[in-house]
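This report refers to the structure that appears directly beneath it.
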Amino acid sequence: MRDVRDYLSFVLSEATSRKSAGMDAFDAAKEIAREISGNNALRFSDWKEFGRISVNVDTVYRSLDAAHKSPDVIEQFRRMAQIESNH
Numbered sequence: 012m013r014d015v016r017d018y019l020s021f022v023l024s025e026a027t028s029r030k031s032a033g034m035d036a037f038d039a040a041k042e043i044a045r046e047i048s049g050n051n052a053l054r055f056s057d058w059k060e061f062g063r064i065s066v067n068v069d070t071v072y073r074s075l076d077a078a079h080k081s082p083d084v085i086e087q088f089r090r091m092a093q094i095e096s097n098h
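Numbers 12 to 98, taken from this note's numbering, label the letters of the sequence shown in order.
Quick look at the structure:
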C-alpha cells in the first residue's frame, strides 16, 4: 500500500512540475516514463506497464486545470501503447 501511495505522490509531483512548466500532458507522461524506467533507484522501475503513466498524468493535469481536455478512450489506449512500446 505504501508503494502505491509513494508512486502516486511521485506522479503528482512530477506531473505538476511539468504542467507548471507548460509541458503537454502526453509529453510529460513520456518523459516521466523514461525517468522511471531509467532509474533503478526508483522502486517503481520494476513495476512494468509504463503505459499507465499516460492516464495518470492526464488525470493530474485535469485535476489542476478544469479546462484541460482529456483525449478520448481510443486515444488514451494509443498513447499507452506508444509508451509501452518504448519501454
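Ideal Cβ positions, reconstructed from N, Cα and C, are used throughout, including at glycine.
Exposure of residue i, with buried meaning 16 or more beta-carbon neighbours within 10 Å
| i | result |
| --- | --- |
| Glu25 | buried |
| Lys30 | buried |
| Arg54 | exposed |
| Ile94 | buried |
Rounded straight-line distance, which links the Cα of residue j to that of residue i
| i | j | result |
| --- | --- | --- |
| Asp57 | Asp17 | 14 angstroms |
| Ala44 | Phe61 | 6 angstroms |
| Asn97 | Ala32 | 24 angstroms |
| Lys80 | Arg13 | 31 angstroms |
Residue i in three-state terms, based on DSSP
| i | result |
| --- | --- |
| Glu42 | helix |
| Phe37 | helix |
| Ala125 | The question about residue 125 has no answer, for the chain in this structure spans 12 to 98. |
8 angstroms contact criterion, which residue i and residue j should meet: CB distance rounded
| i | j | result |
| --- | --- | --- |
| Ala40 | Ile64 | 5 angstroms |
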